[in-house]
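Numbering (this note's numbering), first residue to last: 13 to 270.
We put the beta carbon where it would ideally sit given N, CA and C, even for glycine.
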């Protein structure tokens with residue numbers, strides 16, 4: 013580091029980044045310190061509107077239920093899944109009082125519901141098996157998914173010399189992603205793709221994010237990735253932020269009615 017003051021700032025940022033709480037998909041610990049304005053569409057608005065039109069639905073990868081709970085009141089039959097074990101008790105505590113049954117989601121991506129049993133499947137940033145989605149959808153039912161594209165926050169990988177975990181779904185571009193969903197027998201009614209700028213405004217927020225989304229930099233540790241953290245810290249000190257490029261995909265599909 014260039015100076016004693018910079019070393020002290022770096023050390024304080026490391027300690028804070030490791031101390032900030034990580035719980036479900038709650039981003040409030042770094043509100044204003046990590047700015048990701050989101051894509052030009054509103055998944056939240058679309059999901060809420062579609063929930064109002066159905067009597068049964070499931071949310072795949074609900075995290076701690078932070079987003080889903082904001083959509084209440086729910087259809088008469090409302091389910092959710094979560095595959096990250098630390099998030100399960102958080103989701104159940106939040107969603108059970110709202111009438112939502114939360115299932116554990118396994119690595120096989122099997123959805124624990126009967127065939128043709130729900131009218132709507134929601135999925136924000138969770139891996140899925142398109143055949144399973146098609147199986148549980150009732151005829152005429154809808155699938156709404158927003159995914160993090162494979163080029164998301166690539167600047168982090170370049171700084172650290174590491175790649176993120178390979179995605180389960182074909183999220184390199186929206187054409188491939190839509191084709192994967194069509195291959196399961198669903199009709200794609202809308203497909204969109206966007207890249208946009210996001211930013212980290214201090215190093216502690218970067219460290220928190222790498223703990224929050226461990227697939228972005230597998231096996232992250234301060235010791236192993238110290239050189240990259242120093243480079244990011246210097247960039248933030250010089251320019252006020254570390255800029256990254258977000259990549260998002262959106263597809264809405266339906267199961268044919270007959």
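**OP:** Consult DSSP for residue 39 and reduce its assignment to one of helix, strand or coil.
**Re:** In the chain shown, the residue the question calls residue 39 occupies position 27. Reduced to three states, the DSSP call for residue 39 is coil.
**Report entry** Start-to-end residues for the alpha helix (DSSP H) that takes in residue 218
**Finding:** As a working mapping, residue 218 is identified with position 206 in the chain shown. Its alpha helix (DSSP H) spans residues 215–224.
For residue 120, which residues in the same chain have their Cβ closer than 7 angstroms to its Cβ, ignoring the five residues on either side in sequence?
Your numbering for residue 120 matches position 108 in the chain shown. Excluding residues within five positions, none has a Cβ falling inside 7 angstroms.
- Name the residue from 141, 255 and 101 whose alpha carbon lies nearest to the alpha carbon of residue 212. Indexing the chain shown from 1 puts residue 212 at position 200. Ranking the options by Cα distance to residue 212, first place goes to 255.
Per DSSP, cross-strand counterpart(s) of residue 176: Numbered from 1 along the chain shown, position 164 holds the residue referred to as residue 176. For residue 176, which the question treats as bridged, DSSP gives no partner whatsoever.
> Among residues of its own chain, excluding the 5 on either side of residue 207, which ones have a beta-carbon nearer than 6 angstroms to its beta-carbon?
Replying inline: To locate residue 207, count along the chain shown from 1; it is residue 195. The residues are 257 and 259.
Q) Under 8 angstroms between the Cβ atoms of residue 131 and residue 153? A) Within the chain shown, numbered from 1, the residue matching residue 131 stands at position 119. Within the chain shown, numbered from 1, the residue matching residue 153 stands at position 141. Yes, these two residues count as a Cβ contact at 8 angstroms.
- Have a look at residue 69 and residue 173 and give me their C-alpha separation to the nearest angstrom. What you label residue 69 is simply residue 57 of the chain shown in a count that begins at 1. What you label residue 173 is simply residue 161 of the chain shown in a count that begins at 1. Taking the straight line from one Cα to the other gives about 41 angstroms.
| By the 10 Å Cβ neighbour count, where 16 or more other Cβ atoms means buried, how is residue 262 classified, buried or exposed? | Position 250 of the chain shown holds residue 262. Buried, by the Cβ-count rule.
If I measure Cβ to Cβ from residue 247 and keep anything under 6 angstroms in the same chain, skipping five residues before and after, which residues do I get?
Stepping through the chain shown from its first residue, residue 247 is reached at position 235. Excluding sequence neighbours, residue 247 sits near 254.
Report task. With a cut-off of 8 angstroms on the beta carbons, I'd call residue 159 and residue 189 a contact; round off their distance for me. Result -> Walking along the chain shown from the start, residue 159 turns up at place 147. Walking along the chain shown from the start, residue 189 turns up at place 177. Yes, they are in contact, since the Cβ atoms of residue 159 and residue 189 sit about 7 angstroms apart, within 8 angstroms.
(message) For residue 252, count the other beta carbons within 10 Å of its own beta carbon; 16 or more makes it buried, fewer makes it exposed. Which is it?
(response) The residue you call residue 252 lines up with position 240 of the chain shown. By the neighbour-count rule (16 or more Cβ atoms within 10 Å), residue 252 is not buried but exposed.
Exercise for the section: Counting only the same chain and skipping the five closest in sequence on each side, list residues whose C-beta sits under 7 angstroms from that of residue 62. Expected result: Taking the chain shown and counting its residues from 1, the one referred to as residue 62 is at position 50. Once the five neighbours on either side are set aside, the close Cβ partners of residue 62 are 132, 154 and 156.
For residue 145, report the span of its alpha helix (DSSP H) as first-last.
Position 133 of the chain shown holds residue 145. Per DSSP, residue 145 belongs to the alpha helix (DSSP H) from 142–148.
Pop quiz: residue 114 and residue 138 are said to be a contact at Cβ under 8 angstroms. What is the actual Cβ separation, rounded to whole angstroms? If you number the chain shown from 1, residue 114 lands on position 102. If you number the chain shown from 1, residue 138 lands on position 126. Incorrect: roughly 13 angstroms between the Cβ atoms, too far for contact.
- Query: What are the boundary residues of the alpha helix (DSSP H) that includes residue 107?
  - Reply: Within the chain shown, residue 107 is the residue found at index 95, counting from 1. Counting along the chain, the alpha helix (DSSP H) containing residue 107 begins and ends at 99–107.
| message | Please identify the residue among 234, 171 and 186 whose C-alpha is closest to the C-alpha of residue 243. | response | Along the chain shown, one-based indexing puts residue 243 at 231. Out of 234, 171 and 186, 171 has the C-alpha closest to the C-alpha of residue 243.
Rounding to the nearest angstrom, what Cα-Cα distance links residue 192 and residue 73 in this structure? Translated into positions along the chain shown, residue 192 becomes position 180. Translated into positions along the chain shown, residue 73 becomes position 61. Cα to Cα, the separation comes out at about 19 angstroms.
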